[in-house]
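Under the working numbering, residues 94 to 190 are what the sequence shown spells out, in order. Think of the CB as a built atom: it goes at the ideal place given N, C-alpha and C, for glycine as much as any other residue. Bear in mind that the values here come from a model prediction, so they are computed numbers and not experimental data.
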Amino acid sequence: MSDPAISVREMMITDQAAIDVDTPATEVARRFERNDWISAPVVDGNGQLLGRITIDDVVDVIMEEADHSLTSLAGLAEEDTFASVWQSAPRRAVGWV
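In structure tokens form, the structure reads like this:
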């Protein structure tokens with residue numbers, strides 16, 4: 094068990110790479126995966142801390158990418174994902190109804 098008297102200064106990670114605020118989400122996901130991060134600081138162009146991004150945020154990005162990939166593989170447009178069966182079914186297939 095950790096020493097309860099230890100200070101934050103002694104516990105904090107000081108060599109954590111920061112994520113620039115303009116980094117694409119897919120690149121952030123790759124960095125999290127490659128480095129096994131659970132969170133990372135987000136900074137602006139001057140290195141000013143703006144906030145943090147967590148693994149939960151990254152999982153959302155990964156899930157969105159997977160959904161987009163599956164939709165593309167199925168040959169559907171993004172708007173087809175939420176279309177009713179009647180709207181997305183080919184006209185000739187509806188004749189049997």
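According to the DSSP assignment, T119 belongs to no beta strand (DSSP E) but to the alpha helix (DSSP H) extending over 118-128. Comparing alpha-carbon positions, the option among E157, G140, D160, E158 lying closest to A110 turns out to be G140.
Taking the C-beta atoms as reference points, I146 is found no nearer than 7 angstroms to V136. Contact between I155 and A133 is absent: CB atoms are separated by about 15 angstroms, not below the 8 angstroms threshold. For V114, there is no enclosing beta strand (DSSP E), as DSSP gives it neither H nor E. In summary, V152 is exposed, with fewer than 16 beta-carbon neighbours lying within 10 Å of its beta-carbon over all protein chains present. Bounds of the beta strand (DSSP E) holding I146 are 142-147. Inter-residue distance for F125 and S95 is about 26 angstroms (C-alpha atoms, whole angstroms).
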